[in-house]
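Asker: Keeping their order, the protein sequence lines are chains A and B.
Each residue of the first sequence is one higher than the one before, counting from -16 in the working numbering.
Each residue of the second sequence is one higher than the one before, counting from 66 in the working numbering.
We put the CB at the ideal spot given by N, CA and C, even for glycine.
On a predicted model such as this, the values are computed, not experimentally measured, just so you know.
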Amino acid sequence: MIGLSGILCRMIPEKDEGRLKKYSATVLHVGALVSEFTEAGILVFFGESAPQELYEFSVIHDGKSLEADLVPGDRIFLDGEPFVILAVGEVANTNFRNLGHLVMKFNGETQVEMPGDVCVEKKQLVWLHPGSKIEIIGEEIA
Amino acid sequence: MAEYKKLVIKHGPGGWGGPLVIEPKPGREVIASITGGGIHPLAQKIADLTGGVVKDGFRGGVPFDQIACAVIDCGGTARVGVYPMKKVPTVDIYPTKPSGPLFRFITEEFFVSGVRVQDLENNNNNNK
């Protein structure tokens, strides 16, 4: 764990040439029971077509298209704070593509526990709110 | 007047939980497909076998208390917990086991996983 306060306000790097922006979304809604998951180091995202019944546990966003499958090494930026992807479950990309559904586990694991998981670095997760930005940037293109 | 039938759903290969007994009732007759890419064939099959009404949960939600059975394609964390927590019989097409923050709600009484269309047919042939 490192102190992050100094870079909390850092924005997404401007030098995006040579990198692929895979996904971009704005948070629309943060459910009242999202804390049930964040306490376990998990953030659950769904696209805005998710049924209302899932809203209370989810971060709902307006993301539409996934440009390329998520792979380890990609970085997920939550309000500018980067989280390196360490592992991607076998159904995670399908769920993300179809439903905007992403299960982010901030556990530092390089092997997923469940097939829908996307594991990222173990560090303080970012508290999202309506208007927060989600961006996913791929590794450098060769 | 719709005619409803009981359906027993056992877990598929590598799956967990159940058996569930799905029995639509007036006012609680929806087989909700909470899955990507439209109505899942498993949800359609459950509707066909029970007389329930199949709906795509991602095209207008279905209140929990109208769902006779929720079919999900959950990778193990969120939907596996949310529907059983609301005491909705829940069928995951993936062979998941209880996990995640809501694992305590994922019980054999309300959850079954790894179910394929052919498992429904086998189950019903085998029902005593």
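Would you give the residue range spanned by the beta strand (DSSP E) that A:Glu64 belongs to?
Answerer: For the purposes of this step, residue 64 of chain A is identified with residue 81 of the first sequence, where counting begins at 1. Here the beta strand (DSSP E) through A:Glu64 covers Glu64 to Val71.
Asker: Out of B:Gly92, B:Gly125, B:Ala135 and B:Pro84, which one is the CA nearest neighbour of B:Gln109?
Answerer: Here residue 109 of chain B corresponds to residue number 44 of the second sequence, with the count starting at 1. Among B:Gly92, B:Gly125, B:Ala135 and B:Pro84, the Cα nearest to that of B:Gln109 is on B:Ala135.
Asker: Mind checking if B:Pro154 is an interface residue toward chain A, Cβ cutoff 8 Å exclusive?
Answerer: In the second sequence, the residue the question calls residue 154 of chain B occupies position 89. By this cut-off, B:Pro154 is not an interface position.
Asker: For A:Val67, which of A:Glu92, A:Val74, A:His44 and A:Leu82 has the nearest alpha-carbon?
Answerer: Residue mapping note: residue 67 of chain A aligns to position 84 of the first sequence, counting from 1. The shortest CA-to-CA distance from A:Val67 to any of A:Glu92, A:Val74, A:His44 and A:Leu82 is the one to A:Glu92.
Asker: Who are the Cβ neighbours of B:Asp121 in its own chain at under 7 Å, not counting the five residues just before and after it?
Answerer: Within the second sequence, numbered from 1, the residue matching residue 121 of chain B stands at position 56. Excluding residues within five positions, the ones whose Cβ falls inside 7 Å are Ser98, Gly103 and Ile104.
Asker: Per DSSP, A:Lys88 is paired with what?
Answerer: If you number the first sequence from 1, residue 88 of chain A lands on position 105. Note: A:Lys88 sits in a beta bridge opposite A:Ile25 and A:Cys102.
Asker: Checking the sheet assignment: what are the DSSP bridge partners for B:Ser178?
Answerer: The residue labelled residue 178 of chain B in the question sits at position 113 within the second sequence. In the DSSP output, where bridge partners are listed per residue, B:Ser178 has B:Asp157.
Asker: May I ask you to list the residues that DSSP assigns as paired with B:Asp121?
Answerer: For the purposes of this step, residue 121 of chain B is taken as the residue at position 56 of the second sequence. Beta-bridge pairing links B:Asp121 to B:Ser98.
Asker: What's the C-alpha gap between B:Pro163 and A:Ala51?
Answerer: Numbered from its first residue, the second sequence carries residue 163 of chain B at position 98. Numbered from its first residue, the first sequence carries residue 51 of chain A at position 68. If you take the alpha carbons of B:Pro163 and A:Ala51, they lie about 30 Å apart.
Asker: State the DSSP-derived secondary structure class of A:Gly30, mapped to helix, strand or coil.
Answerer: For this step, residue 30 of chain A is matched to residue 47 along the first sequence. Three-state result, A:Gly30: strand.
Asker: Is DSSP giving A:Pro(-4) helix, strand or coil here?
Answerer: Within the first sequence, the letter at position 13 stands for residue -4 of chain A. Note on A:Pro(-4): pLDDT 48, under 50, position unreliable in the model; the coordinate value appears next. Here A:Pro(-4) sits in coil by DSSP.
Asker: Would you verify that the beta carbon of B:Ala143 is, or is not, closer than 8 Å to some beta carbon of chain A?
Answerer: In the second sequence, residue 143 of chain B corresponds to position 78, counting from 1. Judged by the 8 Å Cβ criterion, B:Ala143 is in contact with chain A.
Asker: Kindly indicate which three-state DSSP category A:Ser18 falls into: helix, strand or coil?
Answerer: The count along the first sequence starts at 1 and reaches residue 18 of chain A at position 35. Helix, per DSSP.
Asker: Please report the distance separating the alpha-carbon of A:Gly83 from that of A:Leu49.
Answerer: Locating residue 83 of chain A in the first sequence gives position 100, where the first residue counts as 1. Locating residue 49 of chain A in the first sequence gives position 66, where the first residue counts as 1. Their Cα atoms are separated by approximately 9 Å.
Asker: With 9 Å as the limit, tell me which residues of the stretch 105 to 132 of chain B have their beta carbon closer than that to any beta carbon of chain E; keep them in chain order.
Answerer: Going by chain labels, chain E is absent from the structure shown, which instead holds the protein chains A and B.
Asker: Please tell me whether A:Phe20 and A:Leu11 are closer than 8 Å, where the distance is taken between their beta carbons.
Answerer: What you label residue 20 of chain A is simply residue 37 of the first sequence in a count that begins at 1. What you label residue 11 of chain A is simply residue 28 of the first sequence in a count that begins at 1. Their beta carbons are not under 8 Å apart, which means A:Phe20 does not touch A:Leu11 by this criterion.
Asker: What does the alpha-carbon distance come out to for the pair B:Phe168 and A:Ala33?
Answerer: Taking the second sequence and counting its residues from 1, the one referred to as residue 168 of chain B is at position 103. Taking the first sequence and counting its residues from 1, the one referred to as residue 33 of chain A is at position 50. Approximately 21 Å between the Cα atoms of the pair.
Asker: Name the residue from A:Asp57, A:Val95, A:Leu61 and A:Asp62 whose alpha carbon lies nearest to the alpha carbon of A:Glu73.
Answerer: Start at 1 with the first residue of the first sequence, and residue 73 of chain A comes out as number 90. Answer by Cα proximity: A:Val95.
Asker: Helix or strand or just coil, what does DSSP make of A:Ile(-10)?
Answerer: What you label residue -10 of chain A is simply residue 7 of the first sequence in a count that begins at 1. In this predicted model, A:Ile(-10) has a pLDDT of only 47, less than 50, meaning its place in the structure is not dependable; the value taken from the coordinates is given anyway. Note: A:Ile(-10) maps to helix in three-state DSSP.
Asker: Do the stretch 95 to 114 of chain A and the stretch 67 to 85 of chain B touch if we need at least three Cβ pairs shorter than 8 Å?
Answerer: no
Asker: Using a Cβ-Cβ distance cut-off of 8 Å, determine whether A:Asp45 contacts chain B.
Answerer: Start at 1 with the first residue of the first sequence, and residue 45 of chain A comes out as number 62. Judged by the 8 Å Cβ criterion, A:Asp45 is not in contact with chain B.
Asker: Residues of chain A with CB closer than 9 Å to the CB of B:Ser164, please, in chain order.
Answerer: The residue given as residue 164 of chain B occupies position 99 in the second sequence. Among the residues of chain A, those whose CB is under 9 Å from the CB of B:Ser164 are Glu96 and Met97, following chain order.
Asker: So, A:Phe89 versus A:Gly24, is the Cβ gap smaller than 8 Å?
Answerer: Looking up residue 89 of chain A in the first sequence gives position 106. Looking up residue 24 of chain A in the first sequence gives position 41. Yes, the pair counts as a contact, with Cβ atoms nearer than the cut-off.
Asker: Do B:Val73 and B:Ile132 have their beta-carbon atoms positioned less than 8 Å apart in this structure?
Answerer: Looking up residue 132 of chain B in the second sequence gives position 67. Looking up residue 73 of chain B in the second sequence gives position 8. The answer is no: Cβ separation not under 8 Å.
Asker: Counting C-beta neighbours from all protein chains within 10 Å, is the total for B:Asp130 16 or more, i.e. buried, or is it exposed?
Answerer: Position 65 of the second sequence holds residue 130 of chain B. Exposed, because fewer than 16 other Cβ atoms sit within 10 Å of the Cβ of B:Asp130.
Asker: Which partner residues of B:Ala135 appear in the DSSP bridge assignment?
Answerer: Residue 135 of chain B sits at position 70 when you count from the first residue of the second sequence. Looking at the DSSP assignment, B:Ala135 forms a beta bridge with B:Ala97 and B:Thr155.
Asker: Determine the extent of the alpha helix (DSSP H) in which A:Ala75 is found, giving its start and end residues.
Answerer: The residue labelled residue 75 of chain A in the question sits at position 92 within the first sequence. Unbroken alpha helix (DSSP H) run through A:Ala75: Ala75 to Leu82.
Asker: Taking C-beta to C-beta, are B:Phe175 and B:Pro154 nearer than 8 Å?
Answerer: Residue 175 of chain B sits at position 110 when you count from the first residue of the second sequence. Residue 154 of chain B sits at position 89 when you count from the first residue of the second sequence. Closer than 8 Å, so yes.
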